[in-house]
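Asks: Chains as they are written, first to last, in this note's numbering: chain D, 224 to 332; chain G, 62 to 176.
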């Protein structure tokens, strides 16, 4: 059974701080990695994807991938209350996308 | 507007009464998928389709059926719903799987309650 693990949280950070979200996966054959954001009652929306070791930056978001450690993370700089949501890590295995259970992020003013 | 639509958005039904949740996308995507989302369990794939007339089981297919007769539509069928199928259901689509970082676009979700 291929697994994707996330801490369910909540992760609480003050406005303006860096939020760090983590994800581990079980299968070394994983091909690509995605971070989705899901607001309560809404559908997931893609924030970033990464498929090479290292960092990938997009605005306030940075995804980090370490395939040797089977670890992927998402950093959110200058966190805003509007970033409060559940963040889902997803890992691609051939033609399937396996999701973690998500980490709930709360950004307080 | 490029989108994935699902109907109905909310449904309350009774055990054993057959139902269909429709899913349609207007992006000419090859790949379509159904997920269910339950508290503490996250998003779990029910069925997926890589193209017309090609479907395959995901991780939790028991109690569900799908069909893919047209590229744009991928209905989810519950022949005899049971209370353990009460959940939030999402349909998703993407260009395909040849490109490993194709984004999956999600529909708005269908909240199903089986009494």
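Backbone N, C-alpha and C fix where the C-beta goes; we use that ideal spot for every residue, glycine too.
1) Would you list, in sequence order, the uninterrupted beta strand (DSSP E) runs of no fewer than 3 residues that lie entirely inside the stretch 242–294 of chain D?
2) Going by beta-carbon coordinates alone, are residue 109 of chain G and residue 93 of chain G separated by less than 8 Å?
3) Would you tell me roughly how many angstroms separate the C-alpha atoms of residue 243 of chain D and residue 257 of chain D, rounded to the nearest one?
4) Could you give the residue range of the beta strand (DSSP E) that holds residue 153 of chain G?
5) Mind checking which residues open and close the beta strand (DSSP E) that includes residue 230 of chain D?
6) Any idea which residues DSSP pairs residue 172 of chain G with across the strands?
7) Name the one or two DSSP bridge partners that residue 303 of chain D has.
8) Do residue 305 of chain D and the ligand MN come close, with the Cβ less than 7 Å from some heavy atom?
9) As a quick exercise: from G:74, G:173, G:90, pick the residue whose alpha carbon is nearest that of residue 131 of chain G.
10) I want to verify the contact list: residues of chain D whose CB lies under 8 Å from the CB of residue 135 of chain G, in sequence order.
11) Could you tell me the distance, in whole angstroms, from the CA atom of residue 252 of chain D to the CA atom of residue 75 of chain G?
12) Distance, Cα to Cα, residue 170 of chain G vs residue 323 of chain D?
13) Output needed for residue 140 of chain G: all residues of its chain with C-beta closer than 7 Å, excluding positions within five of it in sequence on either side, in chain order.
14) Which same chain residues, not among the five before or five after residue 314 of chain D, have their C-beta less than 7 Å away from its C-beta?
15) Of all the CB atoms in chain G, is at least one closer than 8 Å to the CB of residue 266 of chain D?
16) In terms of DSSP beta bridges, what is residue 321 of chain D paired with?
17) When the Cα atoms are used, what is the spatial distance from residue 66 of chain G to residue 233 of chain D?
18) Does residue 100 of chain G come out as helix, strand or coil in the three-state DSSP assignment?
19) Of all Cβ atoms in chain G, is any one closer than 8 Å to the Cβ of residue 284 of chain D?
Replies: Reading it off the structure:
1) Within the stretch 242–294 of chain D, the complete beta strand (DSSP E) segments of 3 residues or longer fall at 242–248, 255–261, 268–273, 277–281, 284–289, listed in chain order.
2) Taking 8 Å as the Cβ cut-off, residue 109 of chain G and residue 93 of chain G qualify as a contacting pair.
3) Their Cα atoms are separated by approximately 15 Å.
4) Per DSSP, the unbroken beta strand (DSSP E) holding residue 153 of chain G starts and ends at 148–155.
5) Here residue 230 of chain D belongs to no beta strand (DSSP E), and DSSP marks it neither H nor E.
6) Answer by DSSP bridge pairing, in chain order: G:71, G:149.
7) In DSSP, residue 303 of chain D forms no bridge with anything.
8) Among the ligands in the structure shown, none appear at all, so the ligand MN cannot be discussed.
9) When each option's Cα is compared against that of residue 131 of chain G, the closest is G:90.
10) In chain order: nothing, as chain D lies at least about 15 Å away.
11) When rounded, the distance between both Cα atoms is 42 Å.
12) Rounded to the nearest angstrom, the two C-alpha atoms are 18 Å apart.
13) Same-chain partners within the cutoff: 79, 126.
14) The residues are 227, 248, 253, 256, 321.
15) Residue 266 of chain D counts as touching chain G.
16) The partner list for residue 321 of chain D (beta bridge, DSSP) reads D:314.
17) The alpha-carbon atoms of residue 66 of chain G and residue 233 of chain D are separated by roughly 31 Å.
18) Correct three-state label for residue 100 of chain G: coil.
19) Not an interface residue.
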